[in-house]
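Chemist: Taking my numbering, the leading residue of the sequence shown gets 49, the next gets one more, and so forth.
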Amino acid sequence: MRSFALLLLLAFSFNTQAQLRKKIKSLAATVDGQVGVAIMDLSTKDTLLYNTNGIFAMQSVYKFPLALAVLTKVDQGKLKLNQKIKLTKANLLPDTWSPLRDKYPNGGEVTLEEVLMYTVTHSDNNGCDILFNIMKGPKYVHKYVESLGVKEMAIEATEAEMHTAWDIQFSNWCKPRAMLRLLELFYDKKLLSPASQELLWKMMEETSTGPNRIKGLLPEGTEVLHRTGLSDRNTDGKWGAVNDVGIVRRPDGKYFAIVVYVGRAKGELSELEKAIAEIALASYKSF
């Protein structure tokens, strides 16, 4: 009897995943570009992968592994959340997205925690590079990610460097399943102390960017913690990256992780974001 019930459960799971894969394939077909998707039920570890061998520019999604690396050093006692950081014209560049600079146009002193919050929650580019400087550059963060056993990800360029040429963004690349693995490790509480885990969870839950992507079509009040990424368009009208990755709470109280990368795509930003939102909604209903 137990074996029969297990077979029914497996058959249901297979059928549900097949339907979701079909839905994702049809939604990806509406995008004039590359779409990569990775989804995992964080309770059962059931996983769906779509075009995950594609290599995608992360853009600001890489602020999630950066935050993990920073908080690991905090947990090791090598950094302190309340340590002071001096803001100057040299680290508050004018031609980049930076709510931190907008709050402190004349510079000043802030804590590491505040810089981290602006970087993670508000996708601050100056904050990102300040953290990279503290961490001795992107290569340290790359090595940190590799030390976790996550190999299909490269972190090489700062935000300032990415702003010098459109193609440089692709030096910070990731396969969807690699980011899915990082989200899984974070969710399973294998990376950070309880205090750091809670802090980063809260910062990602309060993310202010990309409200029309993963969260766009989900029921109001759904718990979502996520990190977005967005490039400029090139002269051919292509977006290098329109991304969103995160963890979503289902109505039954369980969670699933989702990674949606859209790369080298033409079209209006609203259309690309809607495709991400529809993939997230289909996953929410299926998983």
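Virtual Cβ for every residue (Gly too), placed ideally from N, Cα, C.
So, at 7 Å on beta carbons, what are the nonlocal neighbours of K71 in its own chain, with the 5 sequence-adjacent residues on each side left out?
Modeler: A330
Chemist: Helix or strand or just coil, what does DSSP make of T159?
Modeler: Strand, per DSSP.
Chemist: Would you tell me roughly how many angstroms separate the C-alpha atoms of L127 and R69, rounded to the nearest one?
Modeler: 43 Å
Chemist: L75: buried (16+ other C-beta within 10 angstroms of its C-beta) or exposed?
Modeler: buried
Chemist: Let's see if you can read the secondary structure: which residues bound the alpha helix (DSSP H) around W249?
Modeler: P242 to E253
Chemist: Might you give, ordered along the chain, the residues of its own chain that have their beta carbon closer than 8 Å to the beta carbon of G285, omitting 5 neighbours on each side?
Modeler: K314
Chemist: Give every residue of the same chain whose Cβ lies closer than 6 Å to the Cβ of E254, excluding the five residues on either side of it in the sequence, and list them in chain order.
Modeler: T169
Chemist: Identify, in the order they occur along the chain, each residue of the same chain with its Cβ nearer than 6 Å to the Cβ of Y309, setting aside the five sequence neighbours on each side.
Modeler: G84, F104, P224 and N291, listed in sequence order.
Chemist: Is it the case that the Cβ atoms of V307 and L266 are separated by a distance below 9 Å?
Modeler: no
Chemist: Taking G258 as the reference, give the member of L248, Q245, E319 and T78 with the closest Cα.
Modeler: E319
Chemist: Under the three-state reduction of DSSP, which class applies to K134: helix, strand or coil?
Modeler: strand
Chemist: CB S360 to CB T276, shorter than 9 Å?
Modeler: A question about residue 360 goes unanswered here, because the residues of the chain that appear run from 49 up to 335.
Chemist: Which residue comes first and which comes last in the alpha helix (DSSP H) that contains N174?
Modeler: N173 to I182
Chemist: Quick check: V118 and L196, are their CB atoms within less than 9 Å of each other?
Modeler: no
Chemist: What are the boundary residues of the beta strand (DSSP E) that A313 is part of?
Modeler: Y303 to K314
Chemist: What residue from L273, A202 and K151 has the CA that sits closest to L247's CA?
Modeler: Out of L273, A202 and K151, L273 has the C-alpha closest to the C-alpha of L247.
Chemist: By DSSP, does Q124 sit in helix, in strand, or in coil?
Modeler: coil
Chemist: With a threshold of 6 Å on Cβ separation, who are the neighbours of I324 within its own chain once the five nearest residues in sequence on each side are excluded?
Modeler: Its chain contains R261, D292 and V308 as the residues whose beta carbon lies nearer than 6 Å to that of I324, once the 5 sequence neighbours on both sides are disregarded; these appear in chain order.
Chemist: Quickly, what does DSSP pair R297 with across the bridge? List them, please.
Modeler: Y303
Chemist: Can you tell me where the alpha helix (DSSP H) holding Y39 begins and where it ends?
Modeler: Because the chain is modelled from 49 through 335, residue 39 falls outside the range shown and cannot be assessed.
Chemist: Check whether the stretch 107-118 and the stretch 148-167 are in contact - that is, three or more C-beta pairs closer than 8 Å.
Modeler: yes
Chemist: Distance, Cα to Cα, Y152 vs Q131?
Modeler: 17 Å
Chemist: Name the residue from G102, D280, F335 and Y235 whose alpha carbon lies nearest to the alpha carbon of Q217.
Modeler: D280
Chemist: Please report how far the alpha carbon of F60 lies from the alpha carbon of M88, in whole angstroms.
Modeler: Only weak support is given to the placement of F60: the predicted model assigns it a pLDDT of 44, under 50, and the value that follows is read from those uncertain coordinates. Straight-line Cα distance between these residues: approximately 16 Å.
Chemist: Using CA coordinates, which residue listed in A243, G125, N174 and G311 is at the minimum distance from G81?
Modeler: G311
Chemist: Per DSSP, what are the beta-bridge partners of W221 in this structure?
Modeler: A105
Chemist: Just to confirm, is the Cβ distance from N174 to E207 under 9 Å?
Modeler: yes
Chemist: What are the residues that DSSP puts in a beta bridge with I87?
Modeler: L96 and I306
Chemist: Here's a check: name, in chain order, each residue in its chain whose Cβ is nearer than 6 Å to the Cβ of V198, leaving out the five neighbours to either side.
Modeler: A226, R229 and L230
Chemist: Buried or exposed for S256, please, with buried defined as at least 16 other CB atoms from any protein chain shown within 10 angstroms of its CB.
Modeler: exposed
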